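*Asks:* Got a structure for you, questions after.
Protein chains: 2
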Amino acid sequence: MPNDKNTDTIRQNAGPARPIDPTDRRILAALTTRADLSYAELGQEVGLSAPAVHERVKRLKASGVIEATVARIDGAAIGKPLLAFIHVNTVGWGKTPELMALCDLPEVEEMHSVTGDACVLIKARLADSAALEGFLARLYDLPGVSSTQTYVALSSFTERVPQAGITESLSAPLPIRRR
Amino acid sequence: MPNDKNTDTIRQNAGPARPIDPTDRRILAALTTRADLSYAELGQEVGLSAPAVHERVKRLKASGVIEATVARIDGAAIGKPLLAFIHVNTVGWGKTPELMALCDLPEVEEMHSVTGDACVLIKARLADSAALEGFLARLYDLPGVSSTQTYVALSSFTERVPQAGITESLSAPLPIRRR
DNA sequence: ATTGAAATTTTGCATTG
DNA sequence: CAATGCAAAATTTCAAT
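Line by line, the protein sequences are chains E and Z. Under the working numbering, the very last position in the first sequence is 181; numbers go up by exactly one each time. Under the working numbering, the very last position in the second sequence is 181; numbers go up by exactly one each time.
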């Protein structure tokens, strides 16, 4: 899947003029696994010709459904074998500019504000325990940070980008269970 | 960045015969942001010719540093606006086949065993609170699952794939601070 | 949405520094 | 040993059915 810089229409992020149909979902499902397929191969997988899938992929990009195409690299191979989830608690409103600035660090892969007994959740990939210690020290230096709790990953069973399931949200109504 | 299915040498995951030099890191940094660059463009960014970067990218793929190229899609656009981190506690050894089977669900984006006051950490993307309730119910149905704790993301400040920082692990030795 | 064809791009190879 | 320039092959992408 190539450049598309010259062929795409100018508008980025326009509301999806057309809903995402099952064929789109199959395309997305394929692309979240292998985005380096040729349009011919992708077309084969979903039963469409190359120009047809190209047209759809272009639409999915223009409408913002496909945000980007990125390379997934091995954390250990680039010297960061340590994966940690860090819960941060703050006094008062936690969304300070200083905390937000952590997003610019290459170690920080994710940062969310969350409900529950923590204010902010950070996913960080680090070189070793010394780097983790340094990161935590930096965290505690920030104004308002009252406590942290760290969860270090021992093994990762799956780790991937958002998956476009073929099925639409089948939020099954919960059966009532008598105890 | 194209197919490479026919041109790559057969071996997958061989030990990196050569260390990752700064140029490799710059290539990786570019590719984790935009993997749909042409080799000509990528070469311009790192100051190399197209065949030269192609050679390096091929090596990085063959050695397993680049695991895959994937499309990042918008969770909300595919009907899953709800992001949740779920801590799972189990009685006894938590890594049961039943729990591992959850990796096959499209809702489950990540699953790690972790240190700390939880056994397993799951990152799931869901349609709505009903879907979350259903997911938790399913979790509690598994043998050995004793409790869960859920953190729902209110807003995400950053969310990306592992970043190849230009700098090598600069785990600065921590200064001793007197209180 | 498909077919066929043109324009870019990828990509192997020989050459050179 | 790695980068460069050229040429062949493949892919993207346009126009018309």
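Quick reminder that beta carbons are idealized off the backbone N, C-alpha and C, glycines included. Just so we're clear, the structure is a prediction, and the values are computed from it rather than from any experiment.
Is the CB-CB distance between residue 31 of chain Z and residue 166 of chain Z below 8 Å?
*Replies:* Their beta carbons are under 8 Å apart, which means residue 31 of chain Z touches residue 166 of chain Z by this criterion.
*Asks:* If you measure between the beta carbons of residue 184 of chain Z and residue 124 of chain Z, is that distance less than 8 Å?
*Replies:* Residue 184 of chain Z cannot be examined here, being either before or after the span of chain Z that is shown, 3 to 181.
*Asks:* Quick one: grab the DSSP three-state call for residue 68 of chain E.
*Replies:* Strand, per DSSP.
*Asks:* Report yes if the C-beta distance between residue 122 of chain E and residue 90 of chain E is below 8 Å; otherwise report no.
*Replies:* Contact: yes.
*Asks:* Rounded to whole angstroms, what is the Cα-Cα separation between residue 63 of chain Z and residue 145 of chain E?
*Replies:* Each residue's Cα considered, the two are about 42 Å apart.
*Asks:* Would you mind listing the alpha helix (DSSP H) stretches within the region 37-114 of chain E that are 4+ residues and don't spill past its ends, in chain order?
*Replies:* Counting whole runs of 4 or more residues, the region 37-114 of chain E contains the alpha helix (DSSP H) stretches 41-48, 52-64, 99-102.
*Asks:* Taking only heavy atoms of the ligand FMN into account, decide whether any of them is closer than 7 Å to the Cβ of residue 80 of chain E.
*Replies:* No copy of the ligand FMN appears in this structure; indeed no ligand is present at all.
*Asks:* Are the C-beta of residue 135 of chain Z and some C-beta of chain E separated by less than 8 Å?
*Replies:* Chain E contact via Cβ: present.
*Asks:* Under the DSSP definition of a beta bridge, which residues are partnered with residue 128 of chain E?
*Replies:* The partner list for residue 128 of chain E (beta bridge, DSSP) reads E/84.
*Asks:* Alpha carbons only, please: which of E/177, E/33, E/143, E/149 is nearest the one belonging to residue 93 of chain E?
*Replies:* Of E/177, E/33, E/143, E/149, the residue nearest in Cα terms is E/149.
*Asks:* Between the Cα of residue 68 of chain Z and those of E/156, E/38, E/58, E/84, spot the shortest distance and give me the residue it belongs to.
*Replies:* Considering only alpha carbons, the answer is E/38.
*Asks:* Taking the alpha-carbon positions, what's the residue 178 of chain Z to residue 136 of chain E distance?
*Replies:* Cα-Cα distance, rounded: 12 Å.
*Asks:* Out of curiosity, what's the CA-to-CA distance linking residue 113 of chain Z and residue 152 of chain Z?
*Replies:* So the alpha carbons of these two residues sit roughly 14 Å apart.
*Asks:* Assuming residue 77 of chain Z and residue 164 of chain E are in contact, meaning their beta carbons sit under 8 Å apart, how far apart are those beta carbons, in whole angstroms?
*Replies:* That pair is a contact at about 5 Å.
*Asks:* Whole angstroms are fine: how far does the CA of residue 40 of chain E sit from the CA of residue 156 of chain E?
*Replies:* Approximately 36 Å between the Cα atoms of the pair.
*Asks:* What does a CB cutoff of less than 7 Å around residue 21 of chain Z pick up in its chain, not counting 5 residues either side in sequence?
*Replies:* Closer than 7 Å at Cβ, skipping near neighbours: no residue.
*Asks:* How close, in whole Å, do the beta carbons of residue 85 of chain Z and residue 127 of chain Z come, if the pair is a contact with beta carbons under 8 Å?
*Replies:* Residue 85 of chain Z to residue 127 of chain Z, Cβ: 5 Å. Contact.
*Asks:* If we define contact as Cβ-Cβ less than 8 Å, is residue 98 of chain Z a contact residue for chain E?
*Replies:* False, the Cβ-Cβ gap to chain E never drops below 8 Å.
*Asks:* For residue 176 of chain E, does the three-state DSSP call read helix, strand or coil?
*Replies:* If DSSP states are grouped into helix, strand and coil, residue 176 of chain E belongs with coil.
*Asks:* Quick one: does residue 157 of chain Z have its CB under 8 Å from some CB of chain E?
*Replies:* Interface residue, yes.
*Asks:* Would you mind working out which of E/106, E/134, E/36 sits nearest residue 168 of chain Z, comparing C-alpha positions?
*Replies:* Of E/106, E/134, E/36, the residue nearest in Cα terms is E/106.
*Asks:* Leaving out five residues before and five after residue 51 of chain Z in sequence, what residues of the same chain have Cβ atoms less than 8 Å from its Cβ?
*Replies:* These residues qualify, in order along the chain: 45.
*Asks:* Report yes or no: is there a C-beta of chain Z within less than 8 Å of the C-beta of residue 64 of chain E?
*Replies:* False, the Cβ-Cβ gap to chain Z never drops below 8 Å.
*Asks:* Does the beta-carbon of residue 139 of chain Z have 16 or more other beta-carbons within 10 angstroms, so that it is buried, or is it exposed?
*Replies:* Exposed: under 16 other Cβ atoms inside 10 Å.
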